[in-house]
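The working numbering puts the sequence shown at residues 195 to 364.
Built from N, CA and C at the ideal position, the CB exists for glycine as well.
Just so you know, these numbers come straight off a predicted model, no measurement behind them.
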Amino acid sequence: MKKYLLLFFFVSFTLNAQTQDDAFSQQKKFQLNPWDNINGYRFALNSLKTVELEASYVLSSWPIKDPGYGGLIMRYQYLSTGIEYLRVDRKDVYGVKFAYENSWTLFSAQIGTDYLFSDKGSQVRLMPKVGLSLLGWVTLYYGWNINLLKNSALQPRKHNFILQVTVLNF
């Protein structure tokens with residue numbers, strides 16, 4: 195019980211240190227605001243059995259000020275939109291993508307939706323992903339596709355490993 199209580203106090207003091215300038219001030223050091231002009235670009239690659247390439251523009255909630263502790267206990271979010279190229283069953287497939295990513299410390303989760311098209315048909319898919327991240331800069335994701343058009347000739351693989359790199363403009 196003492197271990198859990200100690201862990202609770204450690205986490206609560208750490209989170210409190212990130213949100214207040216001092217113990218008497220209610221002014222926050224930083225806010226998770228995706229409109230602070232800390233935007234950037236994202237590039238992703240999956241080439242295990244099929245090739246998937248992605249290039250996106252990213253809106254970020256990366257804080258302008260350092261929240262303390264070197265940013266190791268920091269939560270940030272990304273909104274992105276971009277284009278994709280896939281090579282599925284010897285077919286060239288192109289797509290547009292919209293995604294939301296939420297990261298905390300070394301863990302990251304993303305939900306994306308894609309509209310894919312080729313000369314053989316089109317596909318709409320959802321792709322939830324979970325992964326390990328190096329402060330959002332480099333992330334290794336495991337994702338699974340949920341193909342919404344079951345009758346389409348275009349059926350991307352169900353499971354993917356994706357290496358993603360995000361470059362922000364500070």
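Whole-Å CB distance - residue i paired with residue j, under 8 Å assumed
i              : j              : result
leucine 362    : asparagine 233 : 7 Å
tyrosine 270   : valine 252     : That belief does not hold up - the Cβ atoms of tyrosine 270 and valine 252 are roughly 11 Å apart, past 8 Å.
lysine 285     : lysine 314     : 6 Å
glutamate 246  : asparagine 354 : 7 Å
asparagine 339 : arginine 319   : 5 Å
Delimiting residues of the beta strand (DSSP E) encompassing residue i
i              : result
alanine 249    : 245-254
arginine 284   : It is not in any beta strand (DSSP E) - arginine 284 carries neither H nor E in the DSSP assignment.
proline 303    : It is alanine, not proline, that sits at residue 303 in the sequence shown. Here the beta strand (DSSP E) through alanine 303 covers 301-312.
proline 350    : Where proline 350 is concerned, there is no enclosing beta strand (DSSP E), given that its DSSP letter is neither H nor E.
tyrosine 242   : One detail in the question is off: residue 242 reads as leucine in this sequence, not tyrosine. Neither: leucine 242 is in no beta strand (DSSP E) and is coded neither H nor E.
isoleucine 331 : For the record, residue 331 in the displayed sequence is tryptophan; it is not isoleucine. Per DSSP, tryptophan 331 belongs to no beta strand (DSSP E) and is neither H nor E.
Buried versus exposed call for residue i [16 or more other C-beta atoms within 10 Å across all chains shown]
i              : result
tryptophan 170 : This structure leaves residue 170 out entirely; the chain is present only between 195 and 364.
histidine 238  : The identity of residue 238 in the sequence shown is alanine, whereas the question assumes histidine. Result: buried.
tyrosine 272   : buried
threonine 366  : Because residue 366 is not part of the residues shown, which for the chain are 195 to 364, the question remains open.
serine 302     : buried
leucine 348    : buried
asparagine 240 : buried
threonine 299  : exposed
valine 282     : buried
lysine 352     : exposed
Proximity below 8 Å, CB of residue i to CB of residue j
i            : j                 : result
valine 324   : tyrosine 309      : no
tyrosine 279 : phenylalanine 311 : no
glycine 330  : isoleucine 356    : no
tyrosine 294 : isoleucine 277    : no
Cβ of residue i within 8 Å of any chain B Cβ
i            : result
tyrosine 270 : Protein chain content of the structure displayed is limited to a single chain, and chain B is not contained in it.
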